[in-house]
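Asks:
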Amino acid sequence: MFMYAKKTALITGASSGIGEAFAYSLAAKKCNLILVARNEPKLKALAKELSAQYNVRTTVIALDLSAAGAPQALHQEVQNHQLKVDLLINNAGFATYGYFEQVSGERQHEEIMLNVTALVDITHAFMPDLLRNRDGGIINVSSTAAFQPDPYMAVYGATKAFVLSFSEALWAENRKRGLKVLSLCPGATETAFFDVVGSSEASVGSRETPQKVVQNALKAFEKGRSHLISGRQNYWVAQVSRFFSRQATLGIVERTLRPQK
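The sequence shown: position 26 = 1348 (this note's numbering), numbered continuously.
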């Protein structure tokens, strides 16, 4: 069992969606929070509300984590506040959608920097804190997109496959060292994700609420699971590659995600 009260959780992408839902759920468990995102006004409003409602300490750090050096700046800022992180939630990320060559190369580079590079660098920076008392934790937000290549979301699917593989490797390395590591793999979720993508076509199955995803995630985390596919329908969607050849699976996914003309 993971005891949340009086611990400190750092949440990236905390200003909306799954990150915001994590913030509310953890504050209700009396966990202090470090909220990280680009949108400082939204973070400050959220921090003020959580502090008042749950009587927890909230710290706001506004950063664009896709920028070079941002993970190191984040770690330094946490040190400047004299805080120690017990639970790291790497939630920040976004997707691009469309024919690969037609999507901005700069935007796809930012996608890799945020979804992969920042996640790895932040995890590496905070690992000593997380290991110090043999009761730390990491939740890395991947996606059901991690379980097969994703035509028209080629970069996004590849980054989430990386997150799943990376997280499960850390789970195996650290499960006897007192560090819990969970790769959370939600499917379509009722967040601003599809506004950023720019298309609702990049969606498979029914959408869960962020609150339900977080509820499922924390249960799996507390049980010491290595990964969780949130939602029964999403679980079966992620199993398609077990029943069909890779080429057949790609055909199914391509037809599902193909842009409408």
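The C-beta atom is built at its ideal place from N, Cα and C for all residues, glycine as well.
Just tell me which of Lys1352, Tyr1346, Glu1399 and Glu1495 has its CA closest to the CA of lysine 1329.
Replies: The sequence position of residue 1329 within the sequence shown is 7, counting from 1. The shortest C-alpha separation from lysine 1329 is found at Lys1352.
Asks: For leucine 1357 versus alanine 1369, is the C-beta spacing smaller than 8 Å?
Replies: On the sequence shown, position 35 is the one that residue 1357 refers to. On the sequence shown, position 47 is the one that residue 1369 refers to. Against a cut-off of 8 Å, the Cβ pair of alanine 1369 and leucine 1357 comes out as a contact.
Asks: Just reading off the alpha helix (DSSP H) that alanine 1369 is part of, what are its end residues?
Replies: Translated into the one-based positions of the sequence shown, residue 1369 becomes position 47. It spans 1362 to 1376 - the alpha helix (DSSP H) in which alanine 1369 sits, taken as one unbroken run.
Asks: Under 6 Å Cβ to Cβ from aspartate 1451, same chain only, skipping five residues before and after it: list those, please.
Replies: Within the sequence shown, the letter at position 129 stands for residue 1451. Within the same chain, aspartate 1451 has close Cβ partners Lys1406 and Val1407.
Asks: Thinking just about the alpha-carbon of each residue, which of Ser1426, Pro1471, Ala1510 and Thr1445 is nearest to the one in glycine 1573?
Replies: Taking the sequence shown and counting its residues from 1, one reaches residue 1573 at position 251. Glycine 1573 has its Cα closest to that of Pro1471, out of Ser1426, Pro1471, Ala1510 and Thr1445.
Asks: Using the Cα positions of valine 1425 and tyrosine 1419, report the straight-line distance between them to the nearest angstrom.
Replies: Position 103 of the sequence shown holds residue 1425. Position 97 of the sequence shown holds residue 1419. Going from the Cα of valine 1425 to the Cα of tyrosine 1419 covers about 7 Å.
Asks: Which residues bound the alpha helix (DSSP H) around asparagine 1402?
Replies: Residue numbering aside, residue 1402 sits at position 80 when the sequence shown is read from its first letter. First-last of the alpha helix (DSSP H) with asparagine 1402: 1392 to 1402.
Asks: Less than 8 Å between the CB atoms is what I'm expecting for isoleucine 1444 and isoleucine 1333, so what's the real figure, rounded?
Replies: Taking the sequence shown and counting its residues from 1, the one referred to as residue 1444 is at position 122. Taking the sequence shown and counting its residues from 1, the one referred to as residue 1333 is at position 11. Actually they do not touch by this definition, with Cβ atoms about 11 Å apart.
Asks: Could you tell me whether the Cβ atoms of valine 1503 and isoleucine 1340 are closer together than 8 Å?
Replies: For the purposes of this step, residue 1503 is identified with residue 181 of the sequence shown, where counting begins at 1. For the purposes of this step, residue 1340 is identified with residue 18 of the sequence shown, where counting begins at 1. Against a cut-off of 8 Å, the Cβ pair of isoleucine 1340 and valine 1503 comes out as no contact.
Asks: Mind the definition here: the segment 1489 to 1508 touches the segment 1459 to 1471 only if three or more C-beta pairs lie below 8 Å; say whether that holds.
Replies: Because the criterion of three Cβ pairs below 8 Å is met, the segment 1489 to 1508 and the segment 1459 to 1471 touch.
Asks: Applying the 10 Å Cβ sphere with the 16-neighbour rule, what's the burial state of serine 1487?
Replies: Translated into the one-based positions of the sequence shown, residue 1487 becomes position 165. Serine 1487 is exposed by the Cβ-count criterion.
Asks: To the nearest angstrom, report how far apart glutamine 1533 and serine 1337 are at their CA atoms.
Replies: Translated into the one-based positions of the sequence shown, residue 1533 becomes position 211. Translated into the one-based positions of the sequence shown, residue 1337 becomes position 15. Cα to Cα, the separation comes out at about 14 Å.
Asks: Just to confirm before moving on: does the CB-CB distance between tyrosine 1421 and tyrosine 1474 stay below 8 Å?
Replies: Sequence index remark: in the sequence shown, residue 1421 carries index 99 (1-based). Sequence index remark: in the sequence shown, residue 1474 carries index 152 (1-based). Going by C-beta atoms, tyrosine 1421 is nearer than 8 Å to tyrosine 1474.
Asks: Could you have a look at threonine 1334 and say whether DSSP puts it in helix, strand or coil?
Replies: As a working mapping, residue 1334 is identified with position 12 in the sequence shown. Threonine 1334 falls in the strand class under three-state DSSP.
Asks: Could you have a look at glycine 1546 and say whether DSSP puts it in helix, strand or coil?
Replies: Numbered from its first residue, the sequence shown carries residue 1546 at position 224. Correct three-state label for glycine 1546: coil.
Asks: Taking the continuous alpha helix (DSSP H) assigned at leucine 1357, which residues delimit it?
Replies: Your numbering for residue 1357 matches position 35 in the sequence shown. Where leucine 1357 is concerned, there is no enclosing alpha helix (DSSP H), although the beta strand (DSSP E) it sits in stretches over 1354 to 1359.
Asks: If you draw a straight line from the alpha carbon of alanine 1392 to that of alanine 1440, how long is it in whole angstroms?
Replies: Locating residue 1392 in the sequence shown gives position 70, counting from the first residue. Locating residue 1440 in the sequence shown gives position 118, counting from the first residue. Spanning the two alpha carbons is a distance of roughly 8 Å.
Asks: Do threonine 1380 and leucine 1372 have their C-beta atoms within less than 8 Å of each other?
Replies: In the sequence shown, counting from the first residue as 1, residue 1380 sits at position 58. In the sequence shown, counting from the first residue as 1, residue 1372 sits at position 50. Going by C-beta atoms, threonine 1380 is nearer than 8 Å to leucine 1372.
Asks: Have a look at glutamine 1317 and asparagine 1354 and give me their C-alpha separation to the nearest angstrom.
Replies: In the structure as shown, the chain begins at 1323 and stops at 1583. Residue 1317 is therefore absent and cannot be evaluated.
Asks: Specify, as a first and last residue, the run of the alpha helix (DSSP H) that threonine 1445 falls within.
Replies: If you number the sequence shown from 1, residue 1445 lands on position 123. Where threonine 1445 is concerned, the enclosing alpha helix (DSSP H) stretches over 1441 to 1453.
Asks: When you compare the CB positions of alanine 1539 and leucine 1550, do they come within less than 8 Å of one another, or not?
Replies: By one-based count along the sequence shown, residue 1539 stands at place 217. By one-based count along the sequence shown, residue 1550 stands at place 228. The answer is yes: Cβ separation under 8 Å.
Asks: Which complete beta strand (DSSP E) runs does the segment 1408 to 1435 hold, if anything under 3 residues is left out?
Replies: For the segment 1408 to 1435, whole beta strand (DSSP E) runs of length 3 or above, ordered along the chain, are 1409 to 1412.
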